[in-house]
Each structure stands twice: as structure tokens, then as C-alpha cells.
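If you use our numbering, the sequence shown corresponds to residues 4 to 209, in order. Take a look at the structure below.
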Amino acid sequence: MEGVVKFKDVPKGQKLQYIWDYWRLPAIIIVSLLVLFGWIFSTVFFSQKVDMNILVTCKYSMNEEQIHQIETDFKNSYPKAKDHNYKATYVQNNIEIAEHNPEAYSADITKLIGEISSGDSYVFVLDDDMFEAFKADGLIGTYKEIGIDSDEDIKISLDKVFTNEHFKGKFYLCLRPREVSQLNSEKDVEKYEYAVGFVKFVNSKK
């Protein structure tokens with residue numbers, strides 16, 4: 004094609020510049036695609052399987068170490084958790100934050116709505132305020148979910164589970180009702196039944 008310099012005709016000291024000028028866009032596209040496919044492959048085949056998602060939402064501030072401690076306490080409290088993985092997702096919901104940082108508060112609310120809407124978390128860790136909010140939205144299952152003949156909403160003190168003294172008297176274990184849970188596959192049903200078994204066991208602890 005007229006006007007296009009062939010690679011063999013490019014002077015020796017200008018070949019790298021020629022490659023950069025003519026091939027940088029295709030190279031960037033190819034590298035980007037390789038990175039994307041690599042990420043998808045690692046996510047699908049190497050991501051750690053999560054057997055129980057725990058949604059933790061309250062007015063209290065928590066750091067990564069405390070969130071990890073919740074996962075550890077949950078796992079250590081349940082004999083059937085030996086080969087299972089737990090993941091706790093923490094969302095702070097403190098109206099006082101809105102007064103001096105409305106953007107952060109709005110982001111937390113958006114994240115909370117997303118977590119609830121996703122339906123991935125069947126087990127909730129709530130403080131008193133959030134328990135009432137979840138109850139008002141029909142997100143708290145009754146004791147009938149765990150085989151007890153009672154229409155009372157599940158609200159189990161986590162003092163018997165948590166080892167952090169700062170958590171004592173602040174948090175409750177709750178279960179999402181089956182009827183509002185998105186159980187669209189056998190895997191979903193299996194995870195929900197596992198969550199039911201966990202809540203039932205914790206309720207039986209003395």
C-alpha cells in the first residue's frame with residue numbers, strides 16, 4: 004500500500020519506534036484481553052469456595068481483624084465447620100455518620116441494599132437497631148425455620164459464640180426466612196440448609 008513503510012525498510016535504529024507506533028494499540032488490546040481472561044479463569048477455578056456468607060451490619064465500627072475474628076469464632080463454634088469456609092461481609096449503618104459524612108453513609112446504605120438484594124447471605128449478625136429494621140422489612144425468620152414450634156423471630160445472643168469481650172451483649176444471630184431467600188439451585192438449597200443447621204446448633208448451646 005502506497006505510503007506505508009515496510010518493516011524491512013525501516014532504518015536499524017528506528018525499528019523499535021516503528022513497532023511502538025504501529026503495534027502499540029493491538030498490543031494493549033491483546034494484553035488487556037489476556038489479563039481479563041486470566042482473571043476470569045482464576046476466579047472460576049481457583050477462588051475459595053464459601054459455604055456460608057455472614058452479613059454483619061450494625062452501628063459499631065469494625066476493622067479487618069475483628070471481621071476475621073467473627074469468621075473464626077463462627078467456625079470454631081460449629082463442629083460441622085471443619086472443612087467449610089465462612090466469609091463475613093461487614094456494613095456499618097450508623098445514622099450519626101450521615102451528619103458529618105453523608106457520602107460515606109450513602110455508600111454504606113447502597114452496599115447494604117446490594118448485599119440484601121443479592122440473597123447470598125442467609126445468616127445475619129445484627130445489633131438491636133438493625134434487628135428492628137430487618138424485622139420491619141420481613142427479613143428475619145421465625146424459630147419454625149429451625150424446627151421449633153414458635154412464630155417468634157429468631158434473635159439469638161452471640162455471647163455464646165464471640166470471644167471478643169467488646170462484642171458481648173451487642174450482637175444477635177438471625178436467619179433469613181426461606182420464603183424470601185433466593186434458592187434457585189441445589190447449591191443454594193444446600194447452603195441454606197447448612198445455615199439453618201448452624202443457627203439451630205448455636206441456639207442449642209448452653
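Even for Gly, the Cβ is constructed at its ideal location relative to N, Cα and C.
Tell me the residue span of the alpha helix (DSSP H) that contains residue i.
{"i": "residue 210", "result": "A question about residue 210 goes unanswered here, because the residues of the chain that appear run from 4 up to 209."}
{"i": "residue 207", "result": "189-207"}
{"i": "residue 75", "result": "67-80"}
{"i": "residue 107", "result": "105-121"}
Is it right to say residue i is buried, meaning 16 or more other beta carbons lie within 10 angstroms of its own, or is it exposed?
{"i": "residue 60", "result": "buried"}
{"i": "residue 103", "result": "exposed"}
{"i": "residue 5", "result": "Low confidence applies to residue 5: its pLDDT is 48, below 50, so where it sits in the model is not reliable, and the reading given next is rough at best. Residue 5 is exposed by the Cβ-count criterion."}
{"i": "residue 194", "result": "buried"}
{"i": "residue 53", "result": "exposed"}
{"i": "residue 124", "result": "buried"}
{"i": "residue 49", "result": "Bear in mind that the predicted position of residue 49 carries a pLDDT of just 49, short of 50, making it unreliable; the figure below should be weighed with that in mind. Per the 10 Å Cβ criterion, exposed."}
{"i": "residue 47", "result": "Bear in mind that the predicted position of residue 47 carries a pLDDT of just 49, short of 50, making it too unreliable to give a figure here."}
{"i": "residue 126", "result": "buried"}
{"i": "residue 207", "result": "exposed"}
{"i": "residue 148", "result": "buried"}
{"i": "residue 192", "result": "exposed"}
{"i": "residue 210", "result": "Examination of residue 210 is not possible in this model, given that the chain is present from 4 through 209 alone."}
{"i": "residue 202", "result": "buried"}
{"i": "residue 184", "result": "buried"}
In the DSSP output, which residue or residues are listed as bridge partners for residue i?
{"i": "residue 128", "result": "59 and 176"}
{"i": "residue 145", "result": "156"}
Measure how close the beta-carbons of residue i and residue j come, nearest whole angstrom, since I'm counting them as under 8 Å.
{"i": "residue 198", "j": "residue 55", "result": "6 Å"}
{"i": "residue 177", "j": "residue 134", "result": "7 Å"}
{"i": "residue 154", "j": "residue 62", "result": "That pair is no contact at about 28 Å."}
{"i": "residue 142", "j": "residue 181", "result": "Actually they are not in contact, since the Cβ atoms of residue 142 and residue 181 sit about 12 Å apart, beyond 8 Å."}
Answer yes if the region 86-101 comes into contact with the region 62-74, meaning at least three C-beta pairs across the two stretches below 8 Å, and no otherwise. Enough Cβ pairs lie closer than 8 Å, so yes.
At least 3 beta-carbon pairs within less than 8 Å: the region 107-114 vs the region 137-151: With fewer than three CB-CB distances shorter than 8 Å, the region 107-114 does not count as touching the region 137-151.
For the region 111-122 against the region 151-158, do three or more pairs of beta-carbon atoms, one drawn from each stretch, fall closer than 8 Å, so that the two count as touching? The answer is no - the region 151-158 does not touch the region 111-122, with fewer than three Cβ pairs under 8 Å.
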